[in-house]
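Note sheet for the following structure.
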Amino acid sequence: MSVSKGYSKIFGEMLSTALLLAFLAGCGGGGGSTSSGNSGGSPGPPDNTVPTVTAMTPGEDSLGLATNSKLTATLSEAVVPAGISTESFRLAVGDNAIPGTVSYDATNHIAVFTPTGGFAPNTRHTATIVTGIKDLGNNPLMTDFAWCFETSGIADSTPPSVTSTSPFAAATGVAMNRRITATFSEEMNSSTLTPASFTVTGPGAIPVSGTVTYPGGTAVFTPSVGLAANTTYAATIGTGAMDLAGNALQANVTWSFTTGASADVTAPVVLSNDPAGAASGVAISNTIKVTFSEAMDPATITTANFAVTGPGTTPVIGTVAFNAANNTATFTRINHPNTLVTSHPTPVSYLEPNTTYTATLTTGAKDMAGNALANNRIWGFTTAP
Numbered sequence: 051m052s053v054s055k056g057y058s059k060i061f062g063e064m065l066s067t068a069l070l071l072a073f074l075a076g077c078g079g080g081g082g083s084t085s086s087g088n089s090g091g092s093p094g095p096p097d098n099t100v101p102t103v104t105a106m107t108p109g110e111d112s113l114g115l116a117t118n119s120k121l122t123a124t125l126s127e128a129v130v131p132a133g134i135s136t137e138s139f140r141l142a143v144g145d146n147a148i149p150g151t152v153s154y155d156a157t158n159h160i161a162v163f164t165p166t167g168g169f170a171p172n173t174r175h176t177a178t179i180v181t182g183i184k185d186l187g188n189n190p191l192m193t194d195f196a197w198c199f200e201t202s203g204i205a206d207s208t209p210p211s212v213t214s215t216s217p218f219a220a221a222t223g224v225a226m227n228r229r230i231t232a233t234f235s236e237e238m239n240s241s242t243l244t245p246a247s248f249t250v251t252g253p254g255a256i257p258v259s260g261t262v263t264y265p266g267g268t269a270v271f272t273p274s275v276g277l278a279a280n281t282t283y284a285a286t287i288g289t290g291a292m293d294l295a296g297n298a299l300q301a302n303v304t305w306s307f308t309t310g311a312s313a314d315v316t317a318p319v320v321l322s323n324d325p326a327g328a329a330s331g332v333a334i335s336n337t338i339k340v341t342f343s344e345a346m347d348p349a350t351i352t353t354a355n356f357a358v359t360g361p362g363t364t365p366v367i368g369t370v371a372f373n374a375a376n377n378t379a380t381f382t383r384i385n386h387p388n389t390l391v392t393s394h395p396t397p398v399s400y401l402e403p404n405t406t407y408t409a410t411l412t413t414g415a416k417d418m419a420g421n422a423l424a425n426n427r428i429w430g431f432t433t434a435p
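Residue numbers (the numbering used here): 51 to 435.
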């Protein structure tokens with residue numbers, strides 16, 4: 051449903067209160083919030099947007115991470131590179147710190163932790179992103195963000211594969227201002243997805259100039275200028291693309307598509323949300339999902355634009371993922387203040403029972419042609435006792 055300007059104002063105030071209310075609760079805890087800010091330019095309001103952790107790999111309480119893999123944490127915005135180090139991105143087994151190195155992919159806002167000598171097999175680990183990290187406007191991460199996972203007993207030697215593309219192979223009538231995407235079978239090393247490993251060519255194999263990003267597990271090629279009308283293009287993901295364990299794509303993956311005669315200027319539409327608005331008796335194991343009418347730009351489907359709050363507009367700490375296969379965004383709670391790190395009596399992703407939540411999807415969510423939602427979408431639901 052569409053909302054009025056009054057609701058938009060409430061949402062801005064709601065997110066601002068996150069600065070005081072967010073907190074860490076052992077494994078599966080995080081913090082920070084977002085509020086209205088300015089990404090740059092002068093004159094204009096100051097940047098008051100607080101960075102948050104919007105996604106991580108492996109996920110909370112995941113099992114079977116390969117011993118030769120890496121950890122990643124995706125931030126909601128660009129941060130000061132010098133603040134990303136082993137002091138701010140830590141790994142531990144119990145009370146014992148695990149040595150390693152940390153790098154930062156500034157293009158995709160991804161911090162990467164590589165443990166020295168690999169992970170210990172069949173072991174439970176805790177990863178933590180700590181306060182002190184600041185965005186380019188000097189706004190700090192407000193609270194620590196921690197999650198747990200377990201390793202497997204083996205290394206990963208399986209090469210990744212491309213599971214879907216958009217536009218799909220042999221597609222016709224593709225909008226001239228559309229981005230090109232590829233989704234993989236597993237998490238990839240973002241630094242290996244560049245204009246060298248993801249290329250687009252036009253007639254006569256002439257290269258199309260553009261940039262490559264890797265938001266939300268999807269590689270996105272953005273042409274520098276609009277594509278030509280009624281023209282066939284070929285996109286290729288090369289063997290330089292690697293997963294987090296260093297396994298490369300076994301062979302180049304190439305597909306072609308043909309543009310139409312116009313650009314896409316139609317705003318995306320939310321087809322459904324789950325739980326439904328005003329739903330009651332919702333299972334506490336539910337995630338919060340939104341399904342769109344078309345493919346969305348995964349860089350805009352983050353905690354900055356998809357937020358959930360509890361009673362008193364208390365922010366719910368969680369992560370957001372976009373599934374390009376079915377155009378669905380999913381918010382998963384990971385903070386559970388009543389859960390002990392050692393015992394985990396209840397999965398940390400569960401919602402609180404008998405509690406009313408409010409979900410908000412803002413007009414910051416955009417499709418692959420850059421068209422934003424026409425209005426914020428806000429709905430509430432209540433969990434079962």
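Glycine included, C-beta positions come from ideal geometry on N, C-alpha and C.
Whole angstroms are fine: how far does the CA of residue j sit from the CA of residue i?
| i | j | result |
| --- | --- | --- |
| residue 405 | residue 312 | 47 angstroms |
| residue 70 | residue 365 | Bear in mind that a pLDDT of 35 at residue 70, under 50, signals an unreliable position, so the number given afterwards is only what the model happens to contain. In a straight line, the C-alpha of residue 70 is about 10 angstroms away from that of residue 365. |
| residue 245 | residue 297 | 19 angstroms |
| residue 300 | residue 235 | 13 angstroms |
| residue 241 | residue 330 | 44 angstroms |
| residue 421 | residue 205 | 42 angstroms |
| residue 152 | residue 123 | 11 angstroms |
| residue 158 | residue 326 | 33 angstroms |
| residue 272 | residue 229 | 5 angstroms |
| residue 428 | residue 97 | 25 angstroms |
| residue 430 | residue 328 | 5 angstroms |
| residue 347 | residue 116 | 29 angstroms |
| residue 295 | residue 417 | 31 angstroms |
| residue 106 | residue 262 | 20 angstroms |
| residue 438 | residue 213 | As shown, the chain starts at 51 and ends at 435. That puts residue 438 outside it, with no answer to give. |
| residue 343 | residue 400 | 28 angstroms |
| residue 264 | residue 350 | 12 angstroms |
| residue 202 | residue 173 | 8 angstroms |
| residue 320 | residue 162 | 33 angstroms |
| residue 231 | residue 112 | 27 angstroms |
| residue 267 | residue 233 | 7 angstroms |
| residue 253 | residue 374 | 28 angstroms |
| residue 402 | residue 140 | 29 angstroms |
| residue 239 | residue 135 | 18 angstroms |
| residue 197 | residue 316 | 39 angstroms |
| residue 224 | residue 413 | 24 angstroms |
| residue 292 | residue 119 | 11 angstroms |
| residue 14 | residue 423 | No answer is possible for residue 14: the residues shown for the chain start at 51 and end at 435. |
With H, G and I counted as helix, E and B as strand and the rest as coil, what does DSSP make of residue i?
| i | result |
| --- | --- |
| residue 362 | helix |
| residue 352 | coil |
| residue 430 | strand |
| residue 156 | coil |
| residue 211 | coil |
| residue 187 | coil |
| residue 132 | helix |
| residue 240 | helix |
| residue 344 | coil |
| residue 381 | strand |
| residue 411 | strand |
| residue 405 | coil |
| residue 235 | coil |
| residue 399 | coil |
| residue 150 | strand |
| residue 169 | coil |
Tell me which residue opens and which closes the beta strand (DSSP E) that residue i is part of.
| i | result |
| --- | --- |
| residue 221 | 221–224 |
| residue 250 | 248–251 |
| residue 141 | 139–143 |
| residue 373 | 368–373 |
| residue 200 | 195–201 |
| residue 205 | Premise fails: residue 205 is in no beta strand (DSSP E) and is neither H nor E. |
Mind checking residue i: buried by the 16 CB within 10 Å criterion, or exposed?
| i | result |
| --- | --- |
| residue 280 | exposed |
| residue 248 | buried |
| residue 496 | What the structure shows of the chain is the stretch from 51 to 435, and residue 496 is not part of that stretch, so it cannot be assessed. |
| residue 274 | exposed |
| residue 419 | buried |
| residue 256 | exposed |
| residue 167 | exposed |
| residue 155 | buried |
| residue 426 | buried |
| residue 110 | buried |
| residue 368 | buried |
| residue 127 | buried |
| residue 188 | exposed |
| residue 435 | exposed |
| residue 362 | exposed |
Beta-carbon of residue i versus every beta-carbon of chain D: anything under 8 angstroms?
| i | result |
| --- | --- |
| residue 228 | The structure shown contains no chain D, having only a single protein chain. |
Practice item. Let me know the beta strand (DSSP E) ranges lying completely inside the segment 255–340, each 3 residues or longer, listed in chain order. Key: 260–263, 268–273, 282–287, 303–309, 320–324 and 329–332
Review point. Mind pulling the alpha helix (DSSP H) runs of 4 or more residues that sit fully within the segment 90–129?
Key: none
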